[in-house]
Structure formats: structure tokens, C-alpha cells
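First up is the structure itself, then whatever we jot down about it.
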Amino acid sequence: MALKPINRKADRMVTYLEHQGAVPPAEQMAGPVDPAGANAGVDENAEDVVALGGRLPEIPEIPHIPLGCSLVFAPGWEVDEAGGTAGLCQPVERDLFDCHLACFWPAHVPDQLNHSPDWTGKCAAAQNDWRKLEMIFP
Amino acid sequence: MSNTAIASPPEVLTLGEFHSFQAEDATFLYLVPSAAIFRMDAPSLAVLEALGTANRTPAEVVQRLADRFPAEEVANRIDELLGVRAIGLLGKPAPAPPDMLPPKGFPLTTMVLNVTSKCNLACTYCYEYGDDRIVEADSKPRYMDLETARESVDFMFEQGGSNRLVHLTFFGGETLLNFKLLKETAAYARRRAREVGKEVDFSLTTNATLLKPEIVDWLAENRVGVTVSIDGPREVQDGLRVFSNGMGSYDIILPKIKDLLARHRTRPIGARVTLTSKNLDVKQIFTHLTEEIGFWEVGFAPVTSSSCRDFSISDAGYDHMLGQFEELAWDFLEAACAEQHHGFSNVKDTLEEIHKGVSKAYPCGAGLGLMGVATDGDVALCHRFAGSDEHKIGSVSEGVDVDVQYDYLKKHHINSKTDCHTCWARPICAGGCYHEAHTRYGTTGTPNLHFCEWVRSWTDTCLRVYGAISERNPAFLARFDA
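As they're listed, the protein sequences go chains P and U. Using our numbering, the first residue of the first sequence is number 1, and each one after it goes up by one. Using our numbering, the first residue of the second sequence is number 1001, and each one after it goes up by one.
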């Protein structure tokens, strides 16, 4: 191989490529399956075998995901087609973030460029923190 | 209508995800997210350059480089770069990393036991007592009792599962305020280890104010790893590490540390420095602690605080600190090439991770291989959250609540941190310390965005040091294989 492997992960990739003659699978190449420090004292090759032999997680049946919001006359934005909120194109709590830019039904949010740059400062993950969004009086 | 068959469009090459860096006139790629490092040769670099300006088909790349490299060589490099995923095919992204949680029953490697929450110092910046504390001091017993400590040891061996060796770290408050318990707990842990056929290793962190000859003897006899929290020379140490009457602690601890270093020879002894806006002269502190006092290793960590405290480090301060880290890192390189010891542990730890090619799903082992136990036996993510009901994942008497633990693991997985998904440093950083995030953003799940530039810059420095060592003294890196 003309590319020279430098660290141990690179060695393992080259070994794999030379043995398989194929593009390695995601388990080998992608990496983040090992929690930090979990490798300590573990034979890496044995771990690879375990990773390759292990079953991939079952992929749950994916619900239909519409592109954008619902049609104009469909009961759409507040409820989904089953009358609930589970099938909306975005979780309702994220509407403020996801519907104020290019959305068909734009949500009205404070001016975050000039007057309220920190409006979302306490709301790192909208689904958890939406209650922390404060009302703004211009 | 024409009968001509529609040829499938040729495959188009595009750059993959990597960070390139240079060392000793060579160019290396740090591949993301695999964390593999390859040294490039001229044709490989030319392929990357050609794809850097536009996506091209293999034939176009070969054609473009025809006056510099034979077609066969270029085609070979394209294959190799595709193989290691430094480049990819347009419209066919590499398979996403599997979104897997660690298996249930993941073994505990390190248990941090908060033997007391009381401290005889009153350091202004302390995360346990300062303005950014998350646990009110009077909400839990101030001292752990022996029964809880024994239950904790039993819990540790049970959670340790298949691990033959477990680490028990004593922590506080000031750990040595509860030395009596510490001694009894260590003896009990030794006995239990023999009974269950495992090994246990001890360490502790102390502010050194309470060290005395009999304690030092006990530490040495029991091979207890000792880390001393100290911030530097007298004027630095006495600025923030003070007794509650405001008196500095330097003159009290210096003779005790010298005694410790002279008589505790069974384990290397390290210093742990908290950097604040008031002590950013990293090189001066390092020299003082290693050459003048004699610590084997020194690790530095910027203070965890809200950005508004007068000791919190400003952006300019971080830049300054990083500059000093870099200078020490280059000193480390020279020492490594000369096969000499250099005690800058920040760079050593990062080099080890780079060498192994770790690609982390979590920034640390908190709540997984590492757990913190509060004085009342509640088990938290790590020692920094010990005693916080919000971050409790179980108790030593009832065990870990696996549902709470896995809920937490799901929420903190790198795949849940959208901000990190385009960052090349994520295999090593994975979003950073949960406690830091909690202090800054009020939640452990947010990546530490205020650190990003700094982390990338520091990772790049360590990669360059790593690359330089691999060129000048590759034998040095073999010690990380152990």
C-alpha cells in the first residue's frame, strides 16, 4: 500500500483491506461504537470479531415523513392525520425553530440578529428546553 | 424515439472527511470518523488537490495529473484513498457509523468514592463549593460512614463484571479529612478482592494540607497513586487556594509535598493545576512544579465556571493558554525524540488516544465505566455530580437503575450531538465534559461549544507532535501499545 499507515487504527484498516480486498464495513471504519476508555485492556482484534459477528440493531419501521408541512386544507399544522401530534413534520416544540425560516407557515419569532441575539441562549435542545424561551416585548 | 441505450453516468469522486496536517515536511491525513492516520505521498496528495477544487471522475483526475504522474499510479492512489475513505463517491455517502449503545452490564473500571464533602480550604473557584455548585453542601452527610463505604466496595466489584482489575479513587471535599475511613475501606477492598479473585488499585486526590509522615508511609506501603491539587508558585497558589480565613496555603503544603515526594516512591506523583484568569503562565507553573518541586507529571485544566466569574478565562486568555500549551508540546516532542521523560501529561494523554485511534461515542466514561459515589451511597455519573439528585443513576445498596442509565447514554451519544457532526475533532473530543456543559448551559447533553476552536487547535497541535515523533523517533510510540 502506497499510503503509509501511521497509527494503530490505520494499521488495522490496512490489514482489513488487504485481507478482504473490499471496502470495509461501517463497524470497522466508522469508529464511534467504542465508549471512551472502553478499549482499555481489551484485545482489539477480538473486539472487531465481536463487532462484525454481532447483530446490527433492528431498524424500526420508519413512519411516513412528509416533506415540509401539510397541505393547505388538510388538518395539518396543529394535528396530524390521525388527530394527534405524533406525526407532524416536526415535533411541535420545535416549530419555533424549524418553521420560521423557509416554512410555508412561518412562525413569528423575535429578531435574533439585532434585538434579541440571546433569545435561544437557554434553549439548547428545543424539545427539552422550550419552556425556557422567554417572551420578548419590543 | 432513439433506441440508444442510456449509459449510466460515470462515478464522480469527492473529498471525504479528514483533517490534514504537516509535520517534518510530510503531510498526514487524520481520517474522520475512523481516527486513522496515513502519511501521504506525492501522487495521493495530488489526487486530493485535484478533488479539492472540484468533484471529478477518476478519468478526469488521471487526465489532470497526466503530466506529473503515470495513469496507473494515479488510479492506484484513487483506489487506496477510496478504500480508507479519504475520498468517496458523489451521491453515495459512506455508511453512517452504527448507532449502537454500549451493551447492558458494561463493566465498571473506576469508582470514585467521595469520602467526605467537607474541605479545609475555601478555593474561590471550587465547583463543589463555589458559586457554580450543583449540590448544596448540607443536603447530604458531610462524611461517608464505614457501612456505606463497604457497600460501595461490594458494588464496585459487582459492577466490575468481567474486569479483573478495578480502580478505586478516593475523593472529596478534602479526601484526607476522612483518612480513617479511607484506611479501613482500602483494607476491606483488598480483602474482598482476594475473595472474589480480582485486583484493586487505589488512588486519591488531595490538597496536601493534611499530609503527615504516617499518612505518607501508608500511601507508599499501599501503592496509592497520589495527585496533588496545586496551582503553582506561592503567589499563584495563595491567590485562590486559600483557607477560609483568606490565608494562602503554599507555605503549609510545600514541606508536606516535599516529604511526600521524597518518601512515596512506589507510584509516580502528579500535580493537577486549575487554570484561571489569574494564573495563565502555564510554562512558569510547569517549570516550578516539575523542576523546583519535583512532581513527575503535571496536568492542566481550565477552571469550570460560568463565563461571568472574575476568575473565568476570557477568549484572549484561552488563546494565551493555548500558546503556552503549544510551547510545552514542542518541548515534549524534543524530549520524546531524545528518549527523555517530560511530565506534561495533557499532551501525553492526547498522543496516546491519537496513537490508538480512538473514536469516541462518549467524551468520557461517566455513567459507564466510571461512576461517582456520594457520601450517602448515591451513585452519580461521575465524582463531579456526586450528590446531585438530578444526576443520580442508582445507589450502592440498590445498584444502578439501568433504565435511567441507558436513557442518559442515549441522550449523550455523539450521534445526538448535532453540532459535532461536521467537526473533524469529534473522534477525540465527542463534545467534552458533561459537568462543564452543565455549568455553562444548564444541561449535560450540550456539547461545549465555547471550547470548539480551542479543542480543534489543541488537537491539531497534538497531531503535528504525533506526526513529528512518527518521523523522528517512531520507537517512542510503541510505549503506547502497552
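Here a beta-carbon is modelled for each residue, glycine too, at the ideal position from N, C-alpha and C. None of these values were measured; they are calculated from a predicted model.
Inset, instruction - Check the Cβ-Cβ distances between residue 126 of chain P and every residue of chain U, and say whether any is below 9 Å. - result: Here residue 126 of chain P is taken as the residue at index 126 of the first sequence, counted from 1. Chain U contact via Cβ: absent.
Inset, instruction - Please name the residues in the region 1031-1044 of chain U whose beta-carbon is closer than 9 Å to at least one beta-carbon of chain P, in chain order. - result: 1031, 1032, 1033, 1034, 1035, 1036, 1037, 1038, 1039, 1040, 1041, 1043 and 1044
Legend entry - residue 1089 of chain U to residue 1013 of chain U span [Cα, whole Å]: Reading the second sequence from its first residue, position 89 is the one you call residue 1089 of chain U. Reading the second sequence from its first residue, position 13 is the one you call residue 1013 of chain U. Going from the Cα of residue 1089 of chain U to the Cα of residue 1013 of chain U covers about 5 Å.
Inset, instruction - Could you pull out every residue in the same chain whose Cβ sits closer than 7 Å to the Cβ of residue 1240 of chain U, ignoring the five residues on either side in sequence? - result: On the second sequence, position 240 is the one that residue 1240 of chain U refers to. Closer than 7 Å at the Cβ level, and outside the excluded window around residue 1240 of chain U, lie 1123, 1124, 1125, 1231, 1276, 1278 and 1311.
Inset, instruction - Taking C-beta pairs closer than 9 Å, name the residues in chain U that residue 3 of chain P reaches, listed in chain order. - result: By one-based count along the first sequence, residue 3 of chain P stands at place 3. Within chain U, the residues near residue 3 of chain P are 1029, 1038, 1039, 1040, 1041, 1044, 1077, 1080, 1081, 1083, 1084 and 1086.
Inset, instruction - Indicate whether residue 1459 of chain U and residue 1414 of chain U have their beta-carbon atoms separated by less than 9 Å. - result: Start at 1 with the first residue of the second sequence, and residue 1459 of chain U comes out as number 459. Start at 1 with the first residue of the second sequence, and residue 1414 of chain U comes out as number 414. No, the Cβ-Cβ distance between residue 1459 of chain U and residue 1414 of chain U is not below 9 Å.
Inset, instruction - Determine the closest residue to residue 1407 of chain U out of U:1104, U:1192 and U:1050, with distance taken between C-alpha atoms. - result: The residue you call residue 1407 of chain U lines up with position 407 of the second sequence. For the residues U:1104, U:1192 and U:1050, the minimum Cα distance to residue 1407 of chain U belongs to U:1104.
Inset, instruction - Check whether the Cβ of residue 118 of chain P lies closer than 9 Å to any Cβ atom in chain U. - result: Against the first sequence, residue 118 of chain P aligns to sequence position 118. False, the Cβ-Cβ gap to chain U never drops below 9 Å.
Legend entry - Test: residue 1355 of chain U CB closer than 9 Å to a CB of chain B: Of the chains in the structure shown, none is chain B; the protein chains are P and U.
Inset, instruction - Identify which residue in U:1111, U:1070 and U:1087 has its Cα closest to the Cα of residue 1380 of chain U. - result: Here residue 1380 of chain U is taken as the residue at index 380 of the second sequence, counted from 1. Answer by Cα proximity: U:1111.
Legend entry - Touching by the beta-carbon criterion (3+ pairs, under 8 Å), the region 1372-1386 of chain U and the region 1113-1122 of chain U: yes
Legend entry - Under 8 Å by beta carbon: chain U residues contacting residue 8 of chain P: For the purposes of this step, residue 8 of chain P is taken as residue 8 along the first sequence, with counting starting at 1. In chain order: 1355, 1356, 1357 and 1481.
Legend entry - Any C-beta of chain U under 9 Å from that of residue 17 of chain P: As a working note, residue 17 of chain P is residue 17 in the first sequence. Closer than 9 Å: yes.
Inset, instruction - Quick one: residues in its chain with C-beta nearer than 8 Å to the C-beta of residue 1356 of chain U, no 5 flanking neighbours on either side, listed in chain order? - result: Your numbering for residue 1356 of chain U matches position 356 in the second sequence. Excluding positions up to five away in sequence, the list reads 1480.
Legend entry - C-alpha gap between residue 1454 of chain U and residue 1319 of chain U, whole angstroms: Translated into positions along the second sequence, residue 1454 of chain U becomes position 454. Translated into positions along the second sequence, residue 1319 of chain U becomes position 319. Near 8 Å, if we compare the C-alpha coordinates of residue 1319 of chain U and residue 1454 of chain U.
Inset, instruction - Would you identify the three-state DSSP class for residue 120 of chain P, choosing helix, strand or coil? - result: For the purposes of this step, residue 120 of chain P is identified with residue 120 of the first sequence, where counting begins at 1. It is coil, neither helix nor strand.
Legend entry - Neighbourhood of residue 1198 of chain U by C-beta distance below 8 Å, restricted to the same chain and skipping five residues each side: For this step, residue 1198 of chain U is matched to residue 198 along the second sequence. Result list for residue 1198 of chain U: 1157, 1160, 1163, 1164, 1165 and 1166, in chain order.
Inset, instruction - To the nearest angstrom, report how far apart residue 1321 of chain U and residue 128 of chain P are at their CA atoms. - result: As a first step, residue 1321 of chain U is located in the second sequence; it is residue number 321 there, counting from the start. As a first step, residue 128 of chain P is located in the first sequence; it is residue number 128 there, counting from the start. Distance between the alpha carbons of residue 1321 of chain U and residue 128 of chain P is about 35 Å.
Inset, instruction - Below 6 Å CB to CB, which residues in the same chain sit around residue 1085 of chain U once its five sequence neighbours on both sides are set aside? - result: Here the question's residue 1085 of chain U lines up with position 85 in the second sequence. 1016 and 1094.
Inset, instruction - Measure the C-alpha to C-alpha separation of residue 1468 of chain U and residue 1048 of chain U and round it to an integer number of angstroms. - result: Mapped onto the second sequence, residue 1468 of chain U falls at position 468. Mapped onto the second sequence, residue 1048 of chain U falls at position 48. Approximately 22 Å, taken between the alpha carbons.
Legend entry - CB contact below 9 Å: residue 135 of chain P versus chain U: Translated into the one-based positions of the first sequence, residue 135 of chain P becomes position 135. False, the Cβ-Cβ gap to chain U never drops below 9 Å.
Inset, instruction - Give a yes or no on contact between the region 1321-1339 of chain U and the region 1054-1070 of chain U, applying the rule of three or more CB pairs nearer than 8 Å. - result: no
Legend entry - Extent of the continuous beta strand (DSSP E) to which residue 1114 of chain U belongs: To locate residue 1114 of chain U, count along the second sequence from 1; it is residue 114. Unbroken beta strand (DSSP E) run through residue 1114 of chain U: 1110-1114.
Inset, instruction - Would you identify the three-state DSSP class for residue 1371 of chain U, choosing helix, strand or coil? - result: For the purposes of this step, residue 1371 of chain U is taken as residue 371 along the second sequence, with counting starting at 1. Looking at residue 1371 of chain U - three-state DSSP - the assignment turns out to be strand.
Legend entry - Residue-level contact to chain U via CB, residue 131 of chain P, 9 Å cutoff: Numbered from 1 along the first sequence, position 131 holds the residue referred to as residue 131 of chain P. Output row for residue 131 of chain P: interface = no.
Inset, instruction - Look at the alpha carbon of residue 1466 of chain U and the alpha carbon of residue 1226 of chain U, and state the distance between them as a whole number of angstroms. - result: Start at 1 with the first residue of the second sequence, and residue 1466 of chain U comes out as number 466. Start at 1 with the first residue of the second sequence, and residue 1226 of chain U comes out as number 226. Straight-line Cα distance between these residues: approximately 28 Å.
Legend entry - C-alpha distance - residue 1142 of chain U paired with residue 1178 of chain U, whole-angstrom precision: On the second sequence, residue 1142 of chain U is found 142 positions in, with the first residue counted as 1. On the second sequence, residue 1178 of chain U is found 178 positions in, with the first residue counted as 1. Their Cα atoms are separated by approximately 10 Å.
Legend entry - Residue from U:1207, U:1309, U:1435 and U:1457 whose Cα sits closest to the Cα of residue 1252 of chain U: The sequence position of residue 1252 of chain U within the second sequence is 252, counting from 1. Of U:1207, U:1309, U:1435 and U:1457, the residue nearest in Cα terms is U:1207.
Inset, instruction - Check the Cβ-Cβ distances between residue 1160 of chain U and every residue of chain P, and say whether any is below 9 Å. - result: The count along the second sequence starts at 1 and reaches residue 1160 of chain U at position 160. For residue 1160 of chain U, the answer is no, since every Cβ of chain P falls outside 9 Å of its Cβ.
Inset, instruction - Check each residue of the region 1438-1455 of chain U: if its Cβ is closer than 7 Å to any Cβ of chain P, include it; give the result in chain order. - result: 1441, 1442, 1443, 1445 and 1446
Inset, instruction - Could you work out which residues of chain P lie near residue 1470 of chain U, taking near to mean beta carbons separated by less than 7 Å? - result: As a first step, residue 1470 of chain U must be located in the second sequence, where it is residue number 470. The contacting residues are 6.
Legend entry - Element boundaries [beta strand (DSSP E), containing residue 1272 of chain U]: What you label residue 1272 of chain U is simply residue 272 of the second sequence in a count that begins at 1. Taken as a continuous stretch (DSSP letters only), the beta strand (DSSP E) holding residue 1272 of chain U covers 1270-1275.
Legend entry - Exposure of residue 1300 of chain U, with buried meaning 16 or more beta-carbon neighbours within 10 Å: The residue you call residue 1300 of chain U lines up with position 300 of the second sequence. Classification of residue 1300 of chain U: buried, given that the 10 Å Cβ count is 16 or more.
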